[in-house]
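Student:
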Amino acid sequence: MTDRLHPALIAFAVLVYFFLMGPLVIVIGAALSDTGYLTFPPQGLTLHWFERIFEMSAFRRTMVTSFQVATVSTCCALLIGIPTAYALNRYRVQLPGWLSTLFVLPVLIPEIVLGFSLLRSIQVGVGLPVVSTLIIGHTLLVLPYAVRVISASLASFDFSIEEAAVSLGSPPIKTFFTIVLPNVRAGVIAAFILAFITSINDVSISLFLTGPGISTLPIQILAHVEQFFDPVIASVSVLLMVLTVIVMAVVERTLGLTFLAK
Amino acid sequence: MVHGLKGWMMAAPATALVVLCLVLPVSATIAATFYAGGGPFDLYAAFLSSGFRRTVLWRTLEISLITTVLSLVIGFLTAYVVSRAPPRWRSALIILAVFPLLTGVVVRSFAWLIILGRNGIMNNLLVWIGVDGAPFTMVYTQGSVIVAMVYLFVPLMILTIVGVLENIPDDVIEAAQSLGATPVQTFRQVIFPLAVPGLIVGSVLVFTGSFTSFATPQLLGGDQQMMMGTFLYQRAMVAFDWDGAVTVSAIMVAVTLAVVIGMTRIAKRLNPMTT
Chain A
10 MTDRLHPALI AFAVLVYFFL MGPLVIVIGA ALSDTGYLTF PPQGLTLHWF ERIFEMSAFR
70 RTMVTSFQVA TVSTCCALLI GIPTAYALNR YRVQLPGWLS TLFVLPVLIP EIVLGFSLLR
130 SIQVGVGLPV VSTLIIGHTL LVLPYAVRVI SASLASFDFS IEEAAVSLGS PPIKTFFTIV
190 LPNVRAGVIA AFILAFITSI NDVSISLFLT GPGISTLPIQ ILAHVEQFFD PVIASVSVLL
250 MVLTVIVMAV VERTLGLTFL AK
Chain B
36 MVHGLKGWMM AAPATALVVL CLVLPVSATI AATFYAGGGP FDLYAAFLSS GFRRTVLWRT
96 LEISLITTVL SLVIGFLTAY VVSRAPPRWR SALIILAVFP LLTGVVVRSF AWLIILGRNG
156 IMNNLLVWIG VDGAPFTMVY TQGSVIVAMV YLFVPLMILT IVGVLENIPD DVIEAAQSLG
216 ATPVQTFRQV IFPLAVPGLI VGSVLVFTGS FTSFATPQLL GGDQQMMMGT FLYQRAMVAF
276 DWDGAVTVSA IMVAVTLAVV IGMTRIAKRL NPMTT
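Chains A and B, in that order, are what the protein sequence lines are.
Its first residue numbered 10, the first sequence is counted upward by one per residue in the working numbering.
Its first residue numbered 36, the second sequence is counted upward by one per residue in the working numbering.
(1) How would you write the range of the alpha helix (DSSP H) that Gly178 (chain B) sits in, first residue to last?
(2) So the candidates are A:Asp239, A:Val245, A:Phe237 and A:Pro16; which of them puts its Cα closest to the Cα of Thr225 (chain A)?
(3) Interface residues of chain B around Ile121 (chain A) at Cβ under 7 Å?
(4) Across the stretch 23 to 40 of chain A and the stretch 199 to 216 of chain A, are there enough close Cβ pairs to call them in contact, namely three or more that are closer than 8 Å?
(5) Put Ile214 (chain A) into one of helix, strand or coil per three-state DSSP.
(6) Roughly how many angstroms lie between the CA atoms of Arg153 (chain B) and Met287 (chain B), to the nearest whole one?
(7) Under 9 Å between C-beta atoms, does Ile101 (chain B) make it to chain A?
(8) At a Cβ threshold of 9 Å, is Arg61 (chain A) touching chain B?
(9) For a contact defined as C-beta to C-beta under 8 Å, what are the partners of Phe201 (chain A) on chain B?
(10) Against chain A, does Phe134 (chain B) count as a neighbour if the rule is that its beta carbon must be under 9 Å from one of theirs?
(11) Please list, in chain order, the residues of the stretch 18 to 49 of chain A that have any C-beta partner in chain B closer than 8 Å.
(12) Enumerate in chain order the residues of its own chain whose CB-to-CB distance from Asn306 (chain B) is below 7 Å, with the five nearest sequence positions on each side excluded.
(13) Run through chain B and tell me which residues come within less than 9 Å of Pro92 (chain A), C-beta to C-beta.
(14) Note down, in chain order, every chain A residue with its Cβ under 7 Å from the Cβ of Met287 (chain B).
(15) Exposed or buried, what is His15 (chain A) when buried is set at 16 or more other beta-carbons lying within 10 Å of its beta-carbon?
(16) Closest Cβ-Cβ distance between Thr253 (chain A) and chain B: below 9 Å?
(17) Taking 9 Å as the cut-off, decide whether the C-beta atoms of Leu292 (chain B) and Leu41 (chain A) are in contact.
(18) Does Leu78 (chain B) come within less than 9 Å of chain D when only Cβ atoms are used?
(19) Assuming Phe171 (chain B) is part of the alpha helix (DSSP H), what are its boundary residues?
(20) Using 9 Å as the limit for Cβ to Cβ distance, is Ala96 (chain A) near chain B?
(21) Going along the stretch 185 to 215 of chain A in order, which residues come within less than 9 Å of chain B, judged by CB to CB distance?
(22) Bridge partners of Ser42 (chain A), per DSSP?
(23) For Gly264 (chain B), report the span of its alpha helix (DSSP H) as first-last.
(24) Ignore the nearest five residues each way along the sequence and tell me which others in Arg304 (chain B)'s own chain have a CB closer than 7 Å to its CB.
(25) Report yes or no: is there a C-beta of chain A within less than 9 Å of the C-beta of Thr64 (chain B)?
(26) Helix, strand or coil: which one does DSSP assign to Ile223 (chain A)?
(27) For the stretch 216 to 223 of chain B and the stretch 120 to 140 of chain B, state whether three or more C-beta atom pairs, one from each stretch, are separated by less than 8 Å.
(28) On the three-state DSSP scale, how would you describe Gly215 (chain B)?
(29) Give a yes or no on whether the minimum CB-CB distance between Met10 (chain A) and chain B is below 9 Å.
(30) Assign Pro138 (chain A) to one of two classes, buried (16 or more other C-beta atoms within 10 Å of its C-beta) or exposed (fewer than that).
(31) Can you list the residues of chain B that Pro5 (chain A) reaches, using a CB-CB cut of under 9 Å?
(32) So, does the CB of Pro115 (chain A) fall closer than 9 Å to a CB anywhere in chain B?
(33) Please list the partners that Leu181 (chain B) has in chain A, where partner means a Cβ-to-Cβ separation under 9 Å.
(34) What residues in its chain sit with their C-beta under 7 Å from that of Ile198 (chain A), if we drop five residues either side in the sequence?
(35) How far does the alpha helix (DSSP H) with Phe134 (chain B) in it reach, from first residue to last?
(36) Kindly list, in the order they appear in chain A, the residues whose Cβ is closer than 8 Å to that of Ser84 (chain B).
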């Protein structure tokens with residue numbers, strides 16, 4: 010049903026959307042500015058600041074690290090998250106209720122506390138190298154996405170199809186890969202891409218798990234902003250927004266973006 | 036039984052990771068607060084006896100609460116419009132809310148630095164208009180942190196509430212209308228009460244998110260507006276005061292869990308659909 014909305018309410022919503030989009034537009038403008046300092050509207054247009062990003066080794070290095078960490082931790086999370094999501098749906102009755110709560114914990118526990126605790130116990134305590142701890146932290150961070158998104162697609166999967174395949178003599182492992190997995194393909198792709206962008210954007214966990222020579226892009230951005238106030242950061246931000254657009258396109262084609270409003 | 040075992044085996048790697056690398060380290064951090072000082076509660080006493088630390092805790096609670104209330108009001112009104120918009124507009128508006136949500140916290144906080152900075156757009160504008168006393172110091176104030184936080188959380192609030200509003204069955208609303216309720220009455224007596232549990236879920240997400248945030252207070256609050264997150268980092272990585280850091284961590288976990296558990300209980304009790 011579409012009731013008529015009060016015009017004041019519509020005007021308010023329009024203002025809110027200006028508030029949401031304005032700052033991002035300003036960042037794009039600032040990235041294109043010809044000046045050596047951050048300003049908006051841009052004085053003259055240039056793509057110089059985008060070249061500058063790649064000239065600065067700190068940004069090049071941290072970008073590569075961020076992509077590597079995001080890829081590895083997302084793959085790890087999916088590798089252990091898919092069977093978990095399957096088990097939580099398929100054997101719901103046999104498994105204790107607290108098990109699904111356990112996978113909510115990475116969302117519930119403050120990220121920054123998790124980051125500090127990993128530094129304290131795993132990196133300093135156990136003595137694992139910085140990179141491994143960073144990957145563990147990011148895997149924990151994105152695991153809930155893997156479990157939740159794939160559980161959501163499994164919820165609409167009819168397990169009797171799988172049983173039919175097994176009773177016709179298909180080995181369980183083969184059945185999983187040929188029957189179950191193709192049916193939740195959209196969920197797996199969406200989970201991958203959402204987990205990936207979450208890892209790329211993370212600050213609070215990486216904060217404690219970066220050391221000399223190893224840092225992630227957001228941490229590098231924070232460090233750079235404290236010292237310089239030039240348009241380089243704006244252009245890095247624009248690159249990250251481009252990545253966001255790609256992520257949204259993928260989610261739209263798999264689950265549909267309205268999935269995120271559920 | 037066999038099925039149970041199969042299920043356990045499949046969930047085992049992820050379970051092991053969460054237990055070994057999350058439950059144990061975080062528990063160790065919290066446990067450390069009880070034995071690191073002289074007596075079991077010495078670290079907490081030390082935290083609360085320091086005027087500066089009390090201010091940080093109080094400021095964090097205050098900023099988080101203001102952020103939550105503002106995001107709730109803005110998010111609810113906007114979500115109501117979104118959920119009532121014609122289908123094509125609705126999906127466009129949802130996409131526009133998802134975009135900032137998926138854009139990182141650092142980028143979104145940095146945007147406000149460009150706007151509110153001393154040589155930022157706002158000050159340039161005020162100088163250009165000729166406002167007395169401009170440029171003003173707008174960053175490193177409580178207001179700048181709150182604006183950036185509200186900016187950060189409004190999309191999350193919109194999406195959460197749109198989801199809830201769409202789950203309200205149309206027949207309930209139609210029933211109210213066919214019984215003669217005016218649109219205002221329908222809103223007050225049917226839609227709003229049914230949306231309350233969702234409003235609570237959204238508020239919990241925003242409050243805990245603000246309470247434990249780092250990048251926004253770091254960029255827009257600096258040392259002047261230190262919050263629990265930035266204070267934890269400062270204790271652990273700048274001052275190397277790990278006793279202080281574990282105490283801040285434990286307080287953050289306690290507040291987060293208390294808010295989540297308490298509010299979930301209230302949300303359940305207030306849900307008219309379950310009673």
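Ideal Cβ placement from N, Cα and C applies to all residues, glycine included.
Tutor: Quick look at the numbers:
(1) On the second sequence, residue 178 (chain B) is found 143 positions in, with the first residue counted as 1. From DSSP, the alpha helix (DSSP H) with Gly178 (chain B) extends over Gln177 to Asn202.
(2) Sequence index remark: in the first sequence, residue 225 (chain A) carries index 216 (1-based). If we check each option's Cα against that of Thr225 (chain A), A:Val245 comes out closest.
(3) Indexing the first sequence from 1 puts residue 121 (chain A) at position 112. Simply Thr247, Phe249, Gly264 and Leu267.
(4) no
(5) Mapped onto the first sequence, residue 214 (chain A) falls at position 205. Reduced to three states, the DSSP call for Ile214 (chain A) is coil.
(6) For this step, residue 153 (chain B) is matched to residue 118 along the second sequence. For this step, residue 287 (chain B) is matched to residue 252 along the second sequence. Taking the straight line joining both Cα atoms gives about 32 Å.
(7) Locating residue 101 (chain B) in the second sequence gives position 66, counting from the first residue. With 9 Å as the cut-off, Ile101 (chain B) does not count as an interface residue toward chain A.
(8) Taking the first residue of the first sequence as 1, we reach residue 61 (chain A) at position 52. Not an interface residue.
(9) As a first step, residue 201 (chain A) is located in the first sequence; it is residue number 192 there, counting from the start. Under the 8 Å cutoff, chain B gives no residues; its nearest Cβ is about 14 Å from Phe201 (chain A).
(10) On the second sequence, position 99 is the one that residue 134 (chain B) refers to. Phe134 (chain B) counts as touching chain A.
(11) Leu18, Ile19, Phe21, Ala22, Val25, Tyr26, Phe28, Leu29, Met30, Pro32, Leu33, Ile35, Val36, Ala39, Tyr46, Leu47, Thr48 and Phe49
(12) In the second sequence, counting from the first residue as 1, residue 306 (chain B) sits at position 271. Closer than 7 Å at Cβ, skipping near neighbours: Pro232.
(13) Numbered from its first residue, the first sequence carries residue 92 (chain A) at position 83. Under the 9 Å cutoff, chain B gives Met44, Met45, Ala46, Ala47, Pro48 and Ala49.
(14) The sequence position of residue 287 (chain B) within the second sequence is 252, counting from 1. Those are Pro119 and Val122, listed as they occur along chain A.
(15) Translated into positions along the first sequence, residue 15 (chain A) becomes position 6. His15 (chain A) sits exposed, since fewer than 16 C-beta atoms from the chains shown fall within 10 Å of its C-beta.
(16) Residue numbering aside, residue 253 (chain A) sits at position 244 when the first sequence is read from its first letter. Closer than 9 Å to some Cβ of chain B, the Cβ of Thr253 (chain A) qualifies, so yes.
(17) By one-based count along the second sequence, residue 292 (chain B) stands at place 257. By one-based count along the first sequence, residue 41 (chain A) stands at place 32. Against a cut-off of 9 Å, the Cβ pair of Leu41 (chain A) and Leu292 (chain B) comes out as no contact.
(18) This model lacks chain D altogether, as its protein chains are A and B.
(19) For this step, residue 171 (chain B) is matched to residue 136 along the second sequence. Here Phe171 (chain B) belongs to no alpha helix (DSSP H), and DSSP marks it neither H nor E.
(20) For the purposes of this step, residue 96 (chain A) is taken as residue 87 along the first sequence, with counting starting at 1. Chain B, which has a Cβ nearer than 9 Å to the Cβ of Ala96 (chain A), makes this yes.
(21) Leu203, Ile206, Thr207, Ile209, Asn210, Asp211, Val212 and Ser213
(22) Residue numbering aside, residue 42 (chain A) sits at position 33 when the first sequence is read from its first letter. Answer is A:Leu54.
(23) Here residue 264 (chain B) corresponds to residue number 229 of the second sequence, with the count starting at 1. Where Gly264 (chain B) is concerned, the enclosing alpha helix (DSSP H) stretches over Met263 to Tyr268.
(24) As a position in the second sequence, residue 304 (chain B) is number 269, starting the count at 1. Taken in chain order, the list of residues that qualify is empty.
(25) Here residue 64 (chain B) corresponds to residue number 29 of the second sequence, with the count starting at 1. Yes, its Cβ sits closer than 9 Å to a Cβ of chain A.
(26) The residue you call residue 223 (chain A) lines up with position 214 of the first sequence. DSSP places Ile223 (chain A) in strand when its eight states are reduced to three.
(27) no
(28) Your numbering for residue 215 (chain B) matches position 180 in the second sequence. Note: Gly215 (chain B) maps to coil in three-state DSSP.
(29) Counting from one through the first sequence, the residue named residue 10 (chain A) turns up at place 1. At Met10 (chain A), the pLDDT of 43 sits below 50, so the modelled position is not reliable and the matter cannot be decided from this model.
(30) What you label residue 138 (chain A) is simply residue 129 of the first sequence in a count that begins at 1. Flag for Pro138 (chain A) reads exposed.
(31) No information on residue 5 (chain A) is available, as it lies outside the stretch 10 to 271 that chain A covers here.
(32) Position 106 of the first sequence, counted from the start, is the residue given in the question as residue 115 (chain A). Closer than 9 Å: yes.
(33) Along the second sequence, one-based indexing puts residue 181 (chain B) at 146. Note that residue 181 (chain B) corresponds to Ile in the displayed sequence, not to Leu. By Cβ distance, chain A contributes nothing, its closest Cβ being about 14 Å from Ile181 (chain B), past 9 Å.
(34) Stepping through the first sequence from its first residue, residue 198 (chain A) is reached at position 189. The answer, listed in chain order, is Val259 and Thr263.
(35) Reading the second sequence from its first residue, position 99 is the one you call residue 134 (chain B). Taken as a continuous stretch (DSSP letters only), the alpha helix (DSSP H) holding Phe134 (chain B) covers Pro122 to Leu137.
(36) Translated into the one-based positions of the second sequence, residue 84 (chain B) becomes position 49. Neighbours of Ser84 (chain B) in chain A, taken as residues whose beta carbon is under 8 Å from its own, are absent, since the nearest beta carbon is some 23 Å off.
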